[in-house]
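Residue numbers (the working numbering): 12 to 268.
Just below is one structure, and these are the notes that go with it.
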(Lines of atoms letter the chains of each structure in order from A and count residues from 1; the text may use other names and numbers.)
(Lines give C-alpha, C1' and ligand atoms only; values in the text may rest on other atoms or scores of the structure.)
Protein backbone atom coordinates (compact mmCIF):
# COMPACT_ATOMS: atom_id res chain seq x y z
CA UNK A 1 0.00 0.00 0.00
CA UNK A 2 1.26 3.49 -0.85
CA UNK A 3 2.17 5.58 2.16
CA UNK A 4 0.14 8.77 2.39
CA UNK A 5 3.21 10.80 3.30
CA UNK A 6 3.83 14.43 2.51
CA UNK A 7 4.56 15.27 -1.14
CA UNK A 8 8.01 15.37 -2.70
CA UNK A 9 8.71 18.24 -5.12
CA UNK A 10 11.20 18.40 -7.99
CA UNK A 11 12.36 21.54 -9.82
CA UNK A 12 15.31 22.37 -12.06
CA UNK A 13 16.93 24.96 -14.31
CA UNK A 14 16.14 28.14 -12.44
CA UNK A 15 19.31 29.87 -13.68
CA UNK A 16 19.47 32.61 -11.07
CA UNK A 17 21.74 35.39 -12.31
CA UNK A 18 21.52 34.54 -16.00
CA UNK A 19 23.39 37.31 -17.86
CA UNK A 20 20.70 37.94 -20.48
CA UNK A 21 17.47 37.17 -18.61
CA UNK A 22 14.33 36.32 -20.54
CA UNK A 23 12.18 37.91 -17.84
CA UNK A 24 12.59 40.45 -15.09
CA UNK A 25 14.96 38.88 -12.52
CA UNK A 26 13.05 40.36 -9.59
CA UNK A 27 9.76 38.95 -10.86
CA UNK A 28 11.33 35.52 -11.34
CA UNK A 29 12.72 35.55 -7.81
CA UNK A 30 9.36 36.64 -6.38
CA UNK A 31 7.62 33.79 -8.22
CA UNK A 32 10.18 31.26 -7.00
CA UNK A 33 10.01 32.53 -3.42
CA UNK A 34 6.23 32.13 -3.45
CA UNK A 35 6.68 28.55 -4.65
CA UNK A 36 9.26 27.89 -1.92
CA UNK A 37 6.81 29.19 0.70
CA UNK A 38 4.29 26.69 -0.65
CA UNK A 39 6.82 23.83 -0.62
CA UNK A 40 7.87 24.76 2.90
CA UNK A 41 4.29 24.38 4.09
CA UNK A 42 3.31 21.26 2.16
CA UNK A 43 6.30 19.16 1.09
CA UNK A 44 8.57 16.69 2.84
CA UNK A 45 11.50 17.07 0.44
CA UNK A 46 12.42 19.39 -2.41
CA UNK A 47 14.86 18.21 -5.08
CA UNK A 48 16.57 20.96 -7.07
CA UNK A 49 17.77 18.98 -10.08
CA UNK A 50 20.62 21.20 -11.27
CA UNK A 51 21.21 24.73 -12.53
CA UNK A 52 19.80 26.57 -9.54
CA UNK A 53 22.32 29.22 -10.55
CA UNK A 54 23.40 30.25 -14.02
CA UNK A 55 26.88 30.43 -12.51
CA UNK A 56 28.20 29.75 -9.01
CA UNK A 57 31.67 29.63 -7.51
CA UNK A 58 32.61 29.70 -3.84
CA UNK A 59 35.83 31.55 -3.06
CA UNK A 60 37.58 31.07 0.27
CA UNK A 61 36.17 34.30 1.69
CA UNK A 62 33.26 35.22 -0.59
CA UNK A 63 30.35 33.85 -2.57
CA UNK A 64 28.33 35.45 -5.40
CA UNK A 65 25.48 37.75 -4.43
CA UNK A 66 23.38 36.03 -7.10
CA UNK A 67 19.86 35.21 -5.95
CA UNK A 68 20.54 36.20 -2.33
CA UNK A 69 16.83 36.50 -1.51
CA UNK A 70 16.26 32.98 -2.80
CA UNK A 71 19.22 31.67 -0.78
CA UNK A 72 17.74 33.28 2.34
CA UNK A 73 14.41 31.58 1.62
CA UNK A 74 16.12 28.21 1.13
CA UNK A 75 17.82 28.64 4.51
CA UNK A 76 14.51 29.50 6.18
CA UNK A 77 12.83 26.48 4.58
CA UNK A 78 15.58 24.16 5.82
CA UNK A 79 15.30 25.64 9.32
CA UNK A 80 11.55 24.99 9.16
CA UNK A 81 12.14 21.30 8.44
CA UNK A 82 12.05 21.04 4.64
CA UNK A 83 14.72 18.65 3.36
CA UNK A 84 16.29 20.29 0.27
CA UNK A 85 18.55 18.25 -1.99
CA UNK A 86 20.46 20.22 -4.63
CA UNK A 87 22.17 18.45 -7.52
CA UNK A 88 24.82 20.20 -9.60
CA UNK A 89 23.95 21.13 -13.17
CA UNK A 90 26.21 22.05 -16.03
CA UNK A 91 25.94 25.75 -15.05
CA UNK A 92 26.64 25.32 -11.33
CA UNK A 93 28.97 22.35 -11.17
CA UNK A 94 31.00 24.17 -8.50
CA UNK A 95 28.30 24.41 -5.82
CA UNK A 96 29.85 23.48 -2.51
CA UNK A 97 30.51 23.99 1.17
CA UNK A 98 28.79 27.34 1.68
CA UNK A 99 25.43 26.06 0.43
CA UNK A 100 25.73 22.91 2.53
CA UNK A 101 27.35 24.27 5.67
CA UNK A 102 25.72 27.69 5.92
CA UNK A 103 22.40 27.23 4.08
CA UNK A 104 21.79 23.60 4.97
CA UNK A 105 21.27 22.11 1.53
CA UNK A 106 22.02 18.43 0.99
CA UNK A 107 24.57 18.27 -1.87
CA UNK A 108 25.01 14.69 -3.13
CA UNK A 109 27.31 15.82 -5.95
CA UNK A 110 25.58 13.90 -8.73
CA UNK A 111 22.61 11.70 -9.65
CA UNK A 112 20.72 10.02 -6.82
CA UNK A 113 18.34 7.09 -6.52
CA UNK A 114 15.55 7.16 -3.98
CA UNK A 115 12.75 4.87 -2.87
CA UNK A 116 9.61 6.84 -2.14
CA UNK A 117 5.87 6.15 -2.07
CA UNK A 118 6.17 2.82 -3.84
CA UNK A 119 8.58 4.05 -6.53
CA UNK A 120 12.29 3.71 -7.16
CA UNK A 121 13.33 6.97 -8.77
CA UNK A 122 16.56 8.00 -10.47
CA UNK A 123 17.11 11.77 -10.36
CA UNK A 124 19.76 13.34 -12.60
CA UNK A 125 20.34 16.73 -14.15
CA UNK A 126 20.70 15.02 -17.53
CA UNK A 127 23.59 16.88 -19.11
CA UNK A 128 25.80 13.79 -18.78
CA UNK A 129 23.79 12.18 -21.56
CA UNK A 130 24.80 14.77 -24.14
CA UNK A 131 27.19 13.17 -26.60
CA UNK A 132 28.61 16.24 -28.38
CA UNK A 133 32.36 16.18 -27.84
CA UNK A 134 32.96 19.94 -27.22
CA UNK A 135 30.43 19.91 -24.37
CA UNK A 136 31.87 16.78 -22.77
CA UNK A 137 35.42 18.10 -23.14
CA UNK A 138 34.53 21.43 -21.51
CA UNK A 139 32.88 19.64 -18.58
CA UNK A 140 35.97 17.52 -18.01
CA UNK A 141 38.14 20.64 -17.92
CA UNK A 142 35.81 22.53 -15.59
CA UNK A 143 35.67 19.62 -13.15
CA UNK A 144 39.45 19.29 -12.94
CA UNK A 145 41.03 20.32 -9.61
CA UNK A 146 43.59 22.40 -11.50
CA UNK A 147 40.89 24.46 -13.24
CA UNK A 148 39.05 25.02 -9.97
CA UNK A 149 42.25 26.13 -8.23
CA UNK A 150 43.16 28.41 -11.14
CA UNK A 151 39.72 30.02 -11.19
CA UNK A 152 39.98 30.65 -7.46
CA UNK A 153 42.94 32.96 -8.06
CA UNK A 154 40.76 35.40 -10.01
CA UNK A 155 39.21 38.38 -8.30
CA UNK A 156 35.59 37.43 -7.51
CA UNK A 157 34.12 40.28 -9.62
CA UNK A 158 36.15 39.16 -12.62
CA UNK A 159 35.44 35.50 -11.98
CA UNK A 160 31.67 35.99 -11.85
CA UNK A 161 31.67 38.09 -15.02
CA UNK A 162 33.78 35.52 -16.81
CA UNK A 163 31.60 32.67 -15.59
CA UNK A 164 28.40 34.35 -16.73
CA UNK A 165 29.89 35.14 -20.13
CA UNK A 166 31.04 31.53 -20.58
CA UNK A 167 27.62 30.30 -19.48
CA UNK A 168 25.83 32.41 -22.08
CA UNK A 169 28.32 31.41 -24.78
CA UNK A 170 27.82 27.73 -24.02
CA UNK A 171 24.05 27.98 -24.32
CA UNK A 172 24.14 30.07 -27.50
CA UNK A 173 26.31 27.43 -29.18
CA UNK A 174 24.24 24.45 -28.07
CA UNK A 175 21.71 24.85 -30.88
CA UNK A 176 19.97 21.52 -30.28
CA UNK A 177 16.37 21.26 -31.40
CA UNK A 178 13.62 20.06 -29.11
CA UNK A 179 13.27 16.92 -31.27
CA UNK A 180 16.97 16.15 -30.84
CA UNK A 181 16.84 16.73 -27.09
CA UNK A 182 13.76 14.52 -26.78
CA UNK A 183 15.57 11.71 -28.55
CA UNK A 184 18.56 12.09 -26.21
CA UNK A 185 16.62 12.03 -22.94
CA UNK A 186 14.20 9.32 -24.09
CA UNK A 187 17.03 6.99 -25.13
CA UNK A 188 18.83 7.67 -21.84
CA UNK A 189 15.68 6.97 -19.84
CA UNK A 190 15.08 3.65 -21.63
CA UNK A 191 18.61 2.56 -20.68
CA UNK A 192 18.11 3.58 -17.05
CA UNK A 193 14.69 2.00 -16.51
CA UNK A 194 16.06 -1.41 -15.65
CA UNK A 195 13.33 -3.28 -13.80
CA UNK A 196 14.16 -1.86 -10.38
CA UNK A 197 14.13 1.83 -11.32
CA UNK A 198 10.64 2.67 -12.53
CA UNK A 199 10.89 6.46 -12.89
CA UNK A 200 13.58 8.81 -14.15
CA UNK A 201 13.53 12.55 -13.46
CA UNK A 202 15.71 14.85 -15.58
CA UNK A 203 16.37 18.56 -15.75
CA UNK A 204 18.58 20.32 -18.30
CA UNK A 205 16.31 20.13 -21.35
CA UNK A 206 13.96 23.02 -20.42
CA UNK A 207 10.86 21.38 -21.90
CA UNK A 208 8.35 19.82 -19.47
CA UNK A 209 7.54 16.20 -20.30
CA UNK A 210 5.81 13.38 -18.46
CA UNK A 211 5.14 10.17 -20.34
CA UNK A 212 5.11 6.42 -20.09
CA UNK A 213 7.91 4.81 -22.05
CA UNK A 214 9.41 1.34 -22.25
CA UNK A 215 10.08 0.26 -18.68
CA UNK A 216 8.45 3.08 -16.72
CA UNK A 217 7.90 6.82 -16.45
CA UNK A 218 10.00 9.63 -17.90
CA UNK A 219 9.76 13.11 -16.36
CA UNK A 220 11.60 16.17 -17.68
CA UNK A 221 11.04 19.07 -15.34
CA UNK A 222 11.11 22.06 -17.67
CA UNK A 223 12.53 25.26 -16.21
CA UNK A 224 12.01 28.48 -14.28
CA UNK A 225 13.42 30.62 -17.06
CA UNK A 226 10.00 30.90 -18.67
CA UNK A 227 8.04 27.71 -17.87
CA UNK A 228 7.82 27.72 -14.03
CA UNK A 229 7.19 23.98 -14.05
CA UNK A 230 7.90 21.28 -11.50
CA UNK A 231 6.90 17.73 -10.59
CA UNK A 232 5.15 16.39 -7.52
CA UNK A 233 5.09 12.87 -6.12
CA UNK A 234 2.04 12.62 -3.90
CA UNK A 235 0.16 9.54 -2.70
CA UNK A 236 2.23 7.41 -5.07
CA UNK A 237 1.40 9.43 -8.21
CA UNK A 238 3.66 11.75 -10.20
CA UNK A 239 2.19 14.93 -11.66
CA UNK A 240 3.78 17.63 -13.76
CA UNK A 241 2.74 21.12 -12.64
CA UNK A 242 3.08 24.79 -13.52
CA UNK A 243 3.29 27.42 -10.78
CA UNK A 244 0.88 30.13 -11.86
CA UNK A 245 -0.78 32.96 -9.94
CA UNK A 246 0.30 31.55 -6.61
CA UNK A 247 -0.79 27.95 -7.12
CA UNK A 248 0.13 24.76 -8.95
CA UNK A 249 -1.76 23.86 -12.13
CA UNK A 250 -1.45 20.30 -13.41
CA UNK A 251 -0.16 19.95 -16.97
CA UNK A 252 -0.86 17.34 -19.59
CA UNK A 253 2.27 16.10 -21.38
CA UNK A 254 3.62 18.72 -23.75
CA UNK A 255 1.38 21.50 -22.42
CA UNK A 256 3.62 24.56 -22.75
CA UNK A 257 3.13 28.29 -22.92
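All residues carry an ideal CB built from backbone N, CA and C; glycine is no exception.
Specify, as a first and last residue, the run of the beta strand (DSSP E) that residue 207 falls within.
Taken as a continuous stretch (DSSP letters only), residue 207 belongs to no beta strand (DSSP E), as it is neither H nor E.
Is the distance from the Cβ of residue 65 to the Cβ of residue 23 below 9 Å?
no
DSSP state of residue 238, grouped into three classes?
coil
Measuring only the C-alpha atoms, how far is residue 136 from residue 220?
14 Å
How should residue 83 be labelled, buried or exposed, when 16 other C-beta atoms within 10 angstroms of its C-beta is the threshold for buried?
exposed
Using three-state DSSP, classify residue 213 as helix, strand or coil.
strand
Alpha carbon of residue 270 to alpha carbon of residue 210, nearest angstrom
Absent from the structure is residue 270, since the part of the chain shown begins at 12 and ends at 268.
Three or more C-beta pairs under 8 Å: does that hold for the region 119-133 against the region 97-108?
yes
Is the beta carbon of residue 114 closer than 9 Å to that of residue 244?
no
Consult DSSP for residue 263 and reduce its assignment to one of helix, strand or coil.
coil
Which word fits residue 4, buried or exposed, when buried means at least 16 other C-beta atoms lie within 10 angstroms of its C-beta?
This structure cannot speak to residue 4, because the chain is shown only from 12 to 268.
Where does residue 98 fall in DSSP's three states?
strand
Alpha carbon to alpha carbon, how far is residue 92 from residue 216? Give it in angstroms, no decimals.
30 Å
Roughly how far, in whole angstroms, is the beta-carbon of residue 108 from the beta-carbon of residue 69, given that I think they are within contact range, below 8 Å?
6 Å
Whole-angstrom distance between residue 225 and residue 86, CA atom to CA atom
39 Å
Could you give the distance in angstroms between the alpha-carbon of residue 105 and the alpha-carbon of residue 30?
18 Å
Same chain only: Cβ atoms within 6 Å of residue 253, ignoring 5 sequence neighbours per side:
239, 240, 260 and 262
Could you compute how far the alpha carbon of residue 90 sits from the alpha carbon of residue 33?
32 Å
Spatial neighbours of residue 204 within its chain, please: C-beta separation below 6 Å, excluding the five flanking residues on both sides.
226 and 227
Between the CA atoms of residue 27 and residue 47 - distance to the nearest angstrom
15 Å
Just the C-alpha distance for residue 212 and residue 110, rounded to the nearest angstrom, thanks.
23 Å
Closest by CA to residue 49, which one among 17, 35, 60 and 78?
17
With H, G and I counted as helix, E and B as strand and the rest as coil, what does DSSP make of residue 21?
strand
How would you call residue 36, buried or exposed, if buried means at least 16 neighbouring beta carbons within 10 angstroms?
exposed
The beta strand (DSSP E) that contains residue 255, what's its start and end?
248-255
Using the three-state DSSP reduction, which class does residue 64 fall into: helix, strand or coil?
strand
Identify whether residue 186 lies in helix, strand or coil by the three-state DSSP scheme.
The predicted model places residue 186 with a pLDDT of 49, which falls under 50 and marks its position as unreliable; any figure quoted below should be read in that light. Note: residue 186 maps to coil in three-state DSSP.
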